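A short worksheet on the structure shown next.
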Amino acid sequence: RALEVDLEAALPRQEFDLDFQPIMNIASGEIIGAEALMRWHSPARGRVAPDDFIPVAEETGLIVPLGEWALRKACAVAASWPPGLRIAVNVSAVQLKSSGFARSVISALAFSGVPAGQLELEITETVLMDESKAVLKTLRQLRELGIRIALDDFGTGYSSLGYLRRFPVDKIKIDRSFIRDMGNRDSAAIVRTIIGLGAELGIVVTAEGVETERQLDMLRDNGCVEAQGYLIGVPSKPAEIQRLLKSRATRS
Ligand code: G
Ligand code: G
Ligand code: G
Ligand code: MN
Ligand code: NA
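Per the UniProt record's numbering, the very first residue in the sequence shown carries number 457; after that it's consecutive.
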């Protein structure tokens, strides 16, 4: 049976879940929020990785209702976090281009009571590649509401620095492959350059995939603002992340 058949049935059968991975401010060591990561527990297939089902969901268009579910669920969970913490949600290009996307975001915020300033939408560079006016308009509209836009997996794919000028972006997330290879001179130079670029442009830089104290030290020494990765915390269930946030979060 094709994956798309099982995927189609999975949403009404409530087979999806969200895990949350903490994001830390490097200078203060405080947890400033978490990224929602989708999980599919299929009775027939077991756990299916997002890298395997998200592309299929994008091809079939199922990513639109699935992404909307994730957004609503993430906001509902974040509504019970201590005030001021960020919730980051991944948004696929297909979703962003679908009509009514901005409306569905506004609705998720209103329904949950999460302030717009606490929501961060993570998009990849492929979203920006076609340079459509509609996408630019949607991003501007969301940003005017106070929602932050993060460029995910930065440095991979078809990165163009021009995107940073043409599109409203609040944050860059350095792809974890560069952090993994930071022991290597060239990767270290790339990481430093992205951090410098963010500082110059007034864009927050987050390092992804931080697994060792050595990597965290290098990032701190180079002025990287935020870190995410197994060292700081693995993707966890809502109850677990809630505990972590209560003990490690910025006290306001
Ligand atoms: O708080 P806890 O020990 O559960 O933290 C899990 C991980 O986060 C540990 O591996 C530790 O290295 C890192 N960590 C914990 N507290 C801090 C902190 O205040 N600052 C920094 N930079 N890292 C921390
Ligand atoms: O959690 P994990 O490393 O398996 O995630 C793999 C990929 O799946 C990441 O690139 C992540 O951005 C993507 N992903 C996870 N959750 C979502 C989601 O809710 N929506 C979209 N579009 N992508 C997601
Ligand atoms: O592409 P995106 O950044 O949205 O997805 C994050 C993915 O990275 C998730 O699948 C998550 O499980 C994974 N991830 C998070 N922290 C680490 C890490 O420290 N090391 C590795 N290898 N993967 C990580
Ligand atoms: Mn992401
Ligand atoms: Na990423």
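C-beta: ideal position from N, C-alpha, C; glycine also. Here the structure is a predicted model, which is why all the values come from computation and not from measurement.
Judging by CA-CA distance, which residue of the options is the nearest neighbour of residue i?
i: Leu474; options: Pro511, Val583, Ala526; result: Ala526
i: Ile605; options: Ala544, Ser616, Arg704, Pro468; result: Ala544
i: Glu491; options: Leu675, Phe557, Glu664, Ser703; result: Glu664
i: Ile688; options: Leu575, Ser484, Gln470, Leu584; result: Ser484
i: Thr668; options: Glu600, Ile646, Arg636; result: Arg636
i: Ile603; options: Ala590, Leu584, Lys627, Asp586; result: Lys627
i: Gly573; options: Ile562, Ser548, Ile579; result: Ile562
i: Ala564; options: Pro468, Arg622, Ala644, Ala534; result: Ala534
i: Arg469; options: Cys531, Gln684, Leu522; result: Leu522
i: residue 432; options: Ser643, Gly679, Phe634, Arg670; result: Past the edges of the chain, shown from 457 to 708, lies residue 432, and the structure says nothing about it.
i: Val583; options: Val547, Glu600, Leu617; result: Val547
i: Lys676; options: Arg457, Met480, Phe623, Leu617; result: The residue asked about is misnamed: residue 676 is Arg in this sequence, not Lys. Minimum Cα distance to Arg676 is reached at Met480.
i: Asp507; options: Gly540, Leu459, Leu607; result: Leu459
i: Pro539; options: Ile488, Arg457, Thr516; result: Ile488
i: Glu464; options: Leu493, Pro478, Gly517; result: Gly517
i: Pro571; options: Ser560, Arg542, Asp586; result: Arg542
i: Val622; options: Ser633, Phe634, Asp586, Ser568; result: With the sequence shown as reference, residue 622 is identified as Arg, and Val is not the correct amino acid for it. Of the candidates Ser633, Phe634, Asp586, Ser568, the one whose C-alpha sits nearest the C-alpha of Arg622 is Asp586.
i: Leu601; options: Ser643, Tyr619, Ala530, Leu577; result: Leu577
i: Glu581; options: Leu598, Ser643, Leu617, Pro511; result: Leu617
i: Arg457; options: Lys629, Ser498, Arg599, Met638; result: Ser498
i: Leu607; options: Glu524, Leu592, Gly613, Ile579; result: Ile579
i: Pro691; options: Leu467, Ala466, Pro478; result: Pro478
i: Ser643; options: Leu657, Met674, Leu620; result: Met674
i: Ile510; options: Arg596, Ala466, Gly685; result: Ala466
i: Asp609; options: Gly502, Arg648, Ser633, Arg503; result: Ser633
i: Glu524; options: Pro694, Ile697, Ser555; result: Ser555
Hey, could you find the ends of the beta strand (DSSP E) residue i is sitting in?
i: Trp496; result: 487-498
i: Leu700; result: Run containing Leu700: none in the beta strand (DSSP E); it sits in the alpha helix (DSSP H), 694-704.
i: Glu581; result: Per DSSP, Glu581 belongs to no beta strand (DSSP E); it is in the alpha helix (DSSP H), 581-585.
i: Ala663; result: 660-663
Let's see if you can read the secondary structure: which residues bound the alpha helix (DSSP H) around residue i?
i: Thr649; result: 641-657
i: Arg670; result: 669-677
i: residue 710; result: Since the displayed the chain opens at 457 and closes at 708, residue 710 lies outside it and no answer follows.
i: Ala606; result: Premise fails: Ala606 lies in the beta strand (DSSP E), 604-610, not in any alpha helix (DSSP H).
i: Phe509; result: 506-516
i: Phe476; result: Element bounds for Phe476: not the alpha helix (DSSP H) but the beta strand (DSSP E), 472-481.
i: residue 748; result: No statement about residue 748 is possible, as the shown extent of the chain runs from 457 to 708 and does not include it.
i: Leu688; result: Reading off the sequence, residue 688 comes out as Ile, not Leu. No alpha helix (DSSP H) holds Ile688; DSSP gives it neither H nor E.
i: Val533; result: 519-534
i: Thr561; result: The sequence shown places Val at residue 561, rather than the Thr named in the question. Val561 -> alpha helix (DSSP H) spans 557-568.
i: Ala572; result: Note, Ala572: premise wrong, no alpha helix (DSSP H); not H, not E.
i: Val461; result: 459-466
i: Leu552; result: 549-553
i: Gly613; result: Run containing Gly613: none; DSSP gives neither H nor E here.
i: Val591; result: 589-600
To the nearest whole angstrom, what separates the beta carbons of residue i and residue j, a pair I think is in contact under 8 Å?
i: Arg495; j: Phe476; result: Contact doesn't hold; Cβ gap of about 11 Å is too wide.
i: Thr594; j: Ala558; result: 5 Å
i: Leu672; j: Val681; result: In fact, because the Cβ distance is near 13 Å, the residues do not count as touching under 8 Å.
i: Ala590; j: Lys553; result: 7 Å
i: Asp462; j: Ala500; result: 6 Å
i: Thr662; j: Ala683; result: 7 Å
i: Ile650; j: Val625; result: Not quite, the Cβ-Cβ distance comes to about 13 Å (not below 8 Å), so this is no contact.
i: Gly652; j: Asp631; result: Not confirmed; about 17 Å, so no contact.
i: Ala532; j: Ser560; result: Contact flag wrong, Cβ pair sits at about 14 Å.
i: Leu620; j: Leu657; result: 6 Å
Within 5 Å of ligand 4: residues by beta-carbon to any heavy atom | Asn546, Glu578, Asp608
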